[in-house]
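Worksheet: one structure, shown below.
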Ligand SMILES: [Fe+2]
Ligand SMILES: [Fe+2]
Ligand SMILES: [Fe+2]
Ligand SMILES: [Fe+2]
Ligand SMILES: [Fe+2]
Ligand SMILES: [Fe+2]
Ligand SMILES: [Fe+2]
Ligand SMILES: [Fe+2]
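Below you can see the structure in the form of structure tokens.
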């Protein structure tokens, strides 16, 4: 069916397209359409907006609303049937690509003691952030790592990996973060099941930390050429300690409080080429100012409670709640407690923005740097 | 309206999701949907395909089919109304994002002598490849360049630029190539009109070539920190000469004949961070073998005639025809002449693939490396 | 006085110079000499040896031999007169350039409580390794750091710096390591006294550790563009702990046991562009095999006792002893204790070798990898 | 023999060493000497000068003075005896290391038609700049290149290479440039004779130019990971043309006129990791201002005539004359002709300075930027 109107995106601004439909033009547009073409001026203002207009919307998923349904998956499907028992988070504006925000996927995975998923690898870069339970482990290319609450672990692009929970553990829930949608968007998504379904543990447990977690130290003569962090696991205790130490000497960022990036110790760069991760601390009573960035963010509250204002909308969060900030939307954070600090974990696509030269950042100048809260 | 079926993507393969709908599960899925979530196993096999499945299709646009309609834009709209008189190429599978293939935009622009578009800049990286006419010029950040047929010129991300045709020139047609769709997809697209609509010519005409076109020579002490090529323009004569010289000492690639990348002389890297460009020569009678790559390509025949087989489909082309190869589709090329060489210009997103660590390439092993031609 | 013989370096090997002196040639050589020239074949074999022949010799300086004379400097000279009270280590083969080995300078500095050297900066990169005493501190560009035994601190090329001992401290001795000889050799040595003789403490004490010592974590948005480590100080306790952890998962290197490089956490690279530093642990009873490298090393025993065989010569060492390994000389290490580990600190010029593409390494193949001990 | 005086380097400046000899101190110094040590304050001001004090001196070698003696080597020695018939240039201040300036070696090599040196390789990076004769060629790792006057060719660190003159050529003289002295200084000099004395020509003659000399073009899919330029040869005609084009759009540098670096087209960086090379053009009548740099330079006049003032000393030069500028000495250049341009080729160690973070540059501020000519 031919379109009825071609001039919906007109702008009366010098240098912008501003052509009204006429019968002659509509004929022309239809003929162009039949040739597999179109007239740029009918869509130019739409495809060249003045600034980014994300189709993602700010959203929050509260853990108390989801927890029971996540646990219910244990009874409803077996790992053999389901592959993985995961409830994914679906952004209202991105349901076609199964994304939580932008091109980032997020889900809550649940597993029983004694279970272990089958080993596989894929183009998507992946991470897990442990939410509850004991005994969880991950095996990445033969490096087995044990995991506790607020631990952060990588399963990078191209690595064989599998997750499980020890026999003597408890039911575990963790957040999965991946860039599956980006890999599909870029027509670059490959998937492979491990020929033996389970890979061997080829190194001492947690050996990657023993080798790469030294502060300002690395094994001599180990040339690390891969594009992800050899550290693989970042534990909560030293992360919280690092933030606490940082808090003693710095005010941090006016927009994000005490904020530290998880990095590749072999390069100082991001943990994976397409996904970065960050932990930030808001001091008791701290309230930050608004800024916006090119880049999409999935946050999880790791500690405490507070709220964020995103694009004029307030979202209250507490431990384990997950919320998202779409690209180029103003956001600011507040710690709701006057006595306890609050910590936010996030993962994001800033490494993509930097790799392609697209990173921009802007502070909100008006109103003392705070957004009016519209809802 | 709730979905009726959730098990459309089942695969009976170990390690893949294989859950049949039951009334109880459908209830569960609907409740998850109301929470802004879903069950991963209902979509896992869809979003994690075994290998890339591009939504783009191979297509060709023949210049003889389009030329009259492109010229007709001269009469139908003024530059003031239209901004630019451009007929864009629309891939059947990508009309929602106005792309010729993948996230790449391509269009044919036409301009009369004495016209000059208004100056602007944007996040999208852009290029032009001159198809016909004399007197065309581009001004990039004050560097004015004159342009003839088969010349290739950059208007990189963030540079002020404008195109025009000299008073004593003729009607000019050129191909525009941009990554507007990618910039929109990444929520990173900014657009600005120059405050004075026209920028000054701030340097001697074609000065970028005088400084940067030396073979293995660069101005000493000129630190070039921008992420695009300071050369800006690549003329046809030295390009063809370089290919001819290359042909005398090498067989080139079995898949692409004599193939050379346009590069940034200050780094040896791609001309822009998100778009690369290439010129290749097929010797008289040469027929290449099939391979596939992660990456999308827009080709234009710059010289000669021949055909390409893309994903089993044959496309015959001659000078000025434009065709596209979607990501991970086999393609092979043939020169139809036994006496003349044929040259293909292309631009592509390989720099994105490399920057993000996603480049892969595979030769077709069967059938002597040639695809069966299905259509 | 003209030379009497010009054929001292003859070699009877095809491709090498092998010209005997004749009266006619000697006349020719003398005339060339008067023109500010010479005949290459008279010196070719000398200046193009088959492999490196360092003019440095392996040496050890035992702390018990030096300690009294180092302390004596306290009485003999004031800091005002001497600048710094330092006893430098002089390699027998390098006395002309005041080097301990190769182009590396090493000295033992002593300071009393309440003293503080005047602030200055220089092209030479410098480091200190604390040997004894309490209350030592260093101020680098306003970052004050407190120092204890076996702590390692940088004072990089171009930074204002000064050392002192707190009023309530004790007499302190530390090892200075610098590349003063290299800076002179490269005709690139600049020196400046601080206009105010003492610089202010501009940051919280030990703030560089609070910001950069996190394991796999760095302050977000802190772009570190300088070519040295922002961490500046590497404390002994976490260093020893990192080695101990490493020992639990790895056998380390056959040549160097458990060996870790001190690195720049912002890049993963060496601590300074011209000097690298390393700490290695030999397990109880461990004895390594011999290898040789292009690069010069100054070792200090930080813990335990043992011996090293360097170029066939055995050197027994215990805590605080300093010894050197010249470039391309075989060396191997042994821990003399069957129950305690031994630790060796070293600094070296491997970053220079890597930066210039000159690094080579070779294992000793014969005799089970062990050198015959000649002395 | 013990030294008689230890206080020769005293400076009466706060922050500098200023200790007078006393009998007690002299005793102390002698005891330190016996321990393989010394007191830093006796040498501190010497080894930490306020700014670089090169031991090299500015010098010129005029071709007319040397040419006959260079040619005479043809009669005096055979290539078999001498290896290579080369007259090297010896800086008065650097005769101990056989350097023309700093750590750079330069020599004039002569060869007869039909001769070819034996193939070898070494750690030193090398280059040739052709001075006269026809038929010269170089073979680098199987890439044979033909050479004419003012052509510049590389024989990088680690490449097998050999030079010769074709049977139908004439006697050839070229300038050799190497960093043999630096390789020895760094204890990193290896030398090897080719097992077969002559290597095969493994590629079409001059294939490196056919592949890499394209202006802003490079063979696609050729990953060049070596640290030197794959172009290998830089011919005079396109070099002169590039300078002439540059002259039409730029005033060039106030210190060096139109100056272009020879670069590695695969990276935009220097031709070799330890030696850079440059060609500069002085316009008719041009006279530049003085500056100084950390770095040593060997110049050869490739065209025209003029003079340079180096450290206050005037050196007049014409085609084929060679002169040197030591590190951190002011230098300025003048073209003596009012009608012809003059061109200076130079090679230098700036890549070393940059790799190690030691590059500095300073313009002469006084006297309109011109040095008083002292001699
Ligand atoms: Fe996975
Ligand atoms: Fe933020
Ligand atoms: Fe544009
Ligand atoms: Fe191809
Ligand atoms: Fe110092
Ligand atoms: Fe070693
Ligand atoms: Fe050589
Ligand atoms: Fe200069």
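Residue numbers (my numbering), protein chains in the order written: chain A, 1 to 375; chain B, 1001 to 1375; chain C, 2001 to 2375; chain D, 3001 to 3375.
Cβ coordinates follow ideal geometry from the N, Cα and C atoms, glycine included.
Other residues of its chain near residue i: CB distance less than 8 Å, five sequence neighbours each side excluded
| i | result |
| --- | --- |
| residue 3321 of chain D | 3060, 3061, 3062, 3063, 3300, 3301 |
| residue 377 of chain A | Any answer about residue 377 of chain A is impossible in this case: the structure gives chain A only from 1 up to 375. |
| residue 2144 of chain C | 2137, 2138, 2201, 2203, 2205, 2206 |
Cβ shell of residue i (< 6 Å), same chain only, five flanking positions each side left out
| i | result |
| --- | --- |
| residue 3365 of chain D | none |
| residue 141 of chain A | 159, 160 |
| residue 163 of chain A | 117, 138 |
| residue 106 of chain A | 89, 100, 177, 298 |
| residue 125 of chain A | 156, 157, 179, 272, 274, 275 |
| residue 1255 of chain B | 1288, 1289, 1291 |
| residue 3371 of chain D | 3290, 3309, 3312, 3330 |
| residue 1051 of chain B | none |
Residue i to residue j span [Cα, whole Å]
| i | j | result |
| --- | --- | --- |
| residue 3358 of chain D | residue 2161 of chain C | 19 Å |
| residue 3096 of chain D | residue 2043 of chain C | 11 Å |
| residue 2128 of chain C | residue 273 of chain A | 37 Å |
| residue 284 of chain A | residue 58 of chain A | 25 Å |
| residue 2036 of chain C | residue 3091 of chain D | 7 Å |
| residue 230 of chain A | residue 2074 of chain C | 48 Å |
| residue 1184 of chain B | residue 1191 of chain B | 11 Å |
| residue 314 of chain A | residue 323 of chain A | 11 Å |
| residue 85 of chain A | residue 1367 of chain B | 43 Å |
| residue 331 of chain A | residue 89 of chain A | 20 Å |
| residue 2067 of chain C | residue 3038 of chain D | 13 Å |
Whole-number beta carbon distance between residue j and residue i, since they are thought to touch under 8 Å
| i | j | result |
| --- | --- | --- |
| residue 41 of chain A | residue 19 of chain A | 5 Å |
| residue 3233 of chain D | residue 3208 of chain D | 6 Å |
| residue 187 of chain A | residue 146 of chain A | In fact, because the Cβ distance is near 37 Å, the residues do not count as touching under 8 Å. |
| residue 17 of chain A | residue 1237 of chain B | Not a contact, Cβ separation roughly 36 Å. |
| residue 1220 of chain B | residue 3278 of chain D | 6 Å |
| residue 2218 of chain C | residue 268 of chain A | 7 Å |
Limits of the alpha helix (DSSP H) - the one that residue i falls within
| i | result |
| --- | --- |
| residue 1044 of chain B | 1040 to 1047 |
| residue 3249 of chain D | 3236 to 3249 |
| residue 2023 of chain C | 2023 to 2034 |
| residue 2184 of chain C | 2180 to 2185 |
Segment limits, beta strand (DSSP E) that includes residue i
| i | result |
| --- | --- |
| residue 3345 of chain D | 3342 to 3348 |
| residue 3067 of chain D | Careful: residue 3067 of chain D lies outside any beta strand (DSSP E), inside the alpha helix (DSSP H) at 3063 to 3076. |
Strand pairing of residue i, partner residues [DSSP]
| i | result |
| --- | --- |
| residue 139 of chain A | A:144, A:162 |
| residue 3207 of chain D | Answer is none; residue 3207 of chain D lacks a bridge partner. |
| residue 3259 of chain D | D:3280 |
| residue 3270 of chain D | D:3263 |
| residue 1155 of chain B | B:1126 |
| residue 1219 of chain B | D:3260 |
| residue 303 of chain A | A:343 |
| residue 1059 of chain B | B:1324 |
Own chain residues within Cβ distance below 7 Å of residue i, not counting five before or after
| i | result |
| --- | --- |
| residue 3361 of chain D | 3291, 3293 |
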